[in-house]
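S.K.:
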Amino acid sequence: MVRPPSPGRDFAGGGRSGSGAWTSFGFGWFVRVLRFPWSDGLWSGARVYRPHGRPFGRTGRHQSRSQQNGSRAKSSRALLLGSRRIATTRRARVHACVQPLTLWDVFDLVSPESPDSSLAVGFDLDLTLADTRDGIAAVYTALAAETGVPIDTAQVVRRIGPPLEDELAYWFPVDEVPAMAARYRAIYADIAIPATVLMPGATAALDAVRAGGGRTVIVSGKNQADTERTVRHLGLEVDVVVGGLFGAGKGAALREHGAGAYIGDHTGDVDAARAASAVAVAVATGPFDSAALAAYGADVVLPDLLAFPDWMTGFAATA
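The sequence shown begins at 7 in my numbering and counts up by one.
Here it is, written out as structure tokens:
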């Protein structure tokens, strides 16, 4: 019996960067390689291991090997049947499973029309899915009380979107901004998140993406930890959460997860969509009105997310 690989180690090479060679074939095992141009994961028995995301397929319950190991596997286009190893080789990155795969398992693989192979849609968080205005204002009120610096929280909430340090620079000397940013993040979870509520239409918008066979990706300028906390607090069901990115800097994450459209309330979100070669869908629920978003170059401008499901129906039909 072949033991499963230990956590934190590369499966094929025995270390953290495998060689890409097929190894450990057992005697009498039937070996055959099938190529699926639509494959995007590693199949092993009843489990499907999906790089960069949650597991999908028959069970949908197990964590991916890449999540357990803290590493990122590349997509696979090769399937090894009957071997004790399933390995992938793309740009010399190898991850393998050590459970046997039989021909019967092929019939349980996800089809090309499955959600994983279909379009992903990205969403901004603040003032797109989440109304964080009261919470953010409360954190700045606390900072003002601690430091004695008067802060106009009405001005703050009108500028929500860009990186935290940009806003703090309006109120504190440049050399104090890093310390104030650290303090802000230290108190944010306890003060701001309980005051955060859903934007109108947020849940229906995510449901509309899933109804169209798509995946949902949140890419936010908020730091990763607070982005995840906010998503959990609001009970949002999404496939991927990425924090700490703004403007065109979001493009790489959107491309990585295959986003064909990105929805946000800020001109920076239009830049993000452009950087990802995605459709820029703007909602006029943040600091910019519909006219400003259209003038900036958004492909689609909606008054709010309540109008999103109808748009998504047409988009999914043509994507």
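We put the CB at the ideal spot given by N, CA and C, even for glycine.
Owing to the predicted nature of the structure, the values given are computational and were not obtained by experimental measurement.
(1) Which runs of the beta strand (DSSP E), 3 residues or longer, sit entirely within the stretch 117–177?
(2) Using the three-state DSSP reduction, which class does Val180 fall into: helix, strand or coil?
(3) Residue range of the beta strand (DSSP E) that Gly270 falls in?
(4) Given a cut-off of 8 Å, decide if Gly270 and Ala258 are closer than it, judged by their beta-carbon atoms.
(5) On a CA-only basis, which of Gly167, Gly128 and Ile193 is nearest Thr147? Give me that one, please.
(6) By the three-class DSSP mapping on this structure, what secondary structure does Ala279 have?
(7) Starting from Thr324, trace the alpha helix (DSSP H) in both directions and tell me its first and last residue.
(8) Just to confirm, are Thr202 and Thr273 a CB contact at a threshold of 8 Å?
(9) Would you verify that the beta carbon of Ala188 is, or is not, closer than 8 Å to some beta carbon of chain B?
(10) Here's the rule: buried if 16 or more other CB atoms are within 10 angstroms of the residue's CB, otherwise exposed. What is Arg261?
(11) Evaluate Arg221 with the Cβ neighbour count: other Cβ atoms within 10 Å of its Cβ, from every protein chain shown; 16 or more gives buried, anything less gives exposed.
(12) In whole angstroms, what is the alpha-carbon distance linking Ala325 and Val247?
M.R.: Quick look at the numbers:
(1) 126–129
(2) As a first step, residue 180 must be located in the sequence shown, where it is residue number 174. In the structure shown, Val180 sits in a helix (DSSP, three-state: H, G or I).
(3) One-based indexing of the sequence shown puts residue 270 at position 264. That run of the beta strand (DSSP E) goes Ala265 to Gly270.
(4) Within the sequence shown, the letter at position 252 stands for residue 258. Within the sequence shown, the letter at position 264 stands for residue 270. If you check the CB distance, Ala258 and Gly270 do not come in under 8 Å.
(5) Here residue 147 refers to the residue found at position 141 of the sequence shown. Measuring from the Cα of Thr147, the nearest candidate turns out to be Ile193.
(6) Here residue 279 is taken as the residue at index 273 of the sequence shown, counted from 1. Looking at Ala279 - three-state DSSP - the assignment turns out to be helix.
(7) Within the sequence shown, numbered from 1, the residue matching residue 324 stands at position 318. In this chain, the alpha helix (DSSP H) harbouring Thr324 covers Phe314 to Thr324.
(8) Reading the sequence shown from its first residue, position 196 is the one you call residue 202. Reading the sequence shown from its first residue, position 267 is the one you call residue 273. Result no, Cβ atoms of Thr202 and Thr273 do not sit closer than 8 Å.
(9) No chain B is part of this structure, which consists of one protein chain only.
(10) Sequence index remark: in the sequence shown, residue 261 carries index 255 (1-based). Label assigned to Arg261: exposed.
(11) Walking along the sequence shown from the start, residue 221 turns up at place 215. Arg221 is buried by the Cβ-count criterion.
(12) Position 319 of the sequence shown, counting from 1, holds the residue named residue 325. Position 241 of the sequence shown, counting from 1, holds the residue named residue 247. Between Ala325 and Val247, the C-alpha separation is close to 23 Å.
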